[in-house]
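Read in order, the letters of the sequence shown are residues 373 to 505 in my numbering. Backbone N, C-alpha and C define an ideal beta-carbon position, used for all residues, glycine too.
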Amino acid sequence: MQARFSVDCSGRARFRNGADVLKLHSMSLPAVLGASLLCVVVARAQSATPAPYNGSLDVEQLFAGTCGFCHSDGGRAAGRGPQLMDSQRDDEFLHNRIKIGKQGAMPAFGESFSDAQIDQIVKYIRALKPREG
């Protein structure tokens, strides 16, 4: 079973389609407890199965489920985090920011992804173009 929403440390829940955002303090106690339990179960399942070393990623799906909360529209627009499309930062900076993070602003993903996988993410960022339509 996949979670249909994610909850970040600030207590915001975001549905996978990226459209709906809730504040947990406005939810009933059973809903908050259920969301918390779901987060624990998902986190344990993820930590029990680490990413395969140098395995290929579906980076677009990764952005939708993990990065899109802060980097809107798959990295094409600013949100809580900066717009990544057309970033003036070099590849090494982007790689290190993904790997090491930035205290208080972005979590580190160095234990979740190999260097080769982080390179795939940087390549995705470099290939971002405005959506048509």
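What first and last residue would you give for the alpha helix (DSSP H) that runs through residue i?
{"i": "H467", "result": "D463 to I472"}
{"i": "K517", "result": "Outside the displayed range of the chain (373 to 505) lies residue 517, so it cannot be described from this structure."}
{"i": "L429", "result": "Premise fails: L429 is in no alpha helix (DSSP H) and is neither H nor E."}
{"i": "G440", "result": "Taken as a continuous stretch (DSSP letters only), G440 belongs to no alpha helix (DSSP H), as it is neither H nor E."}
How close, in whole Å, do the beta carbons of residue i and residue j come, if the pair is a contact with beta carbons under 8 Å?
{"i": "L429", "j": "L456", "result": "Contact flag wrong, Cβ pair sits at about 16 Å."}
{"i": "I470", "j": "F481", "result": "5 Å"}
Which residues does DSSP list as the beta-bridge partners of residue i?
{"i": "M478", "result": "K474"}
Buried or exposed, going by whether 16 or more other CB atoms sit within 10 Å of the CB of residue i?
{"i": "G476", "result": "exposed"}
{"i": "F465", "result": "exposed"}
{"i": "I490", "result": "buried"}
{"i": "G493", "result": "Looking at the sequence itself, residue 493 is Ile, so the reference to Gly does not match. Under this definition I493 is a buried residue."}
Please confirm whether residue i has its beta-carbon closer than 8 Å to some beta-carbon of chain C.
{"i": "S459", "result": "This model lacks chain C altogether; it includes just one protein chain."}
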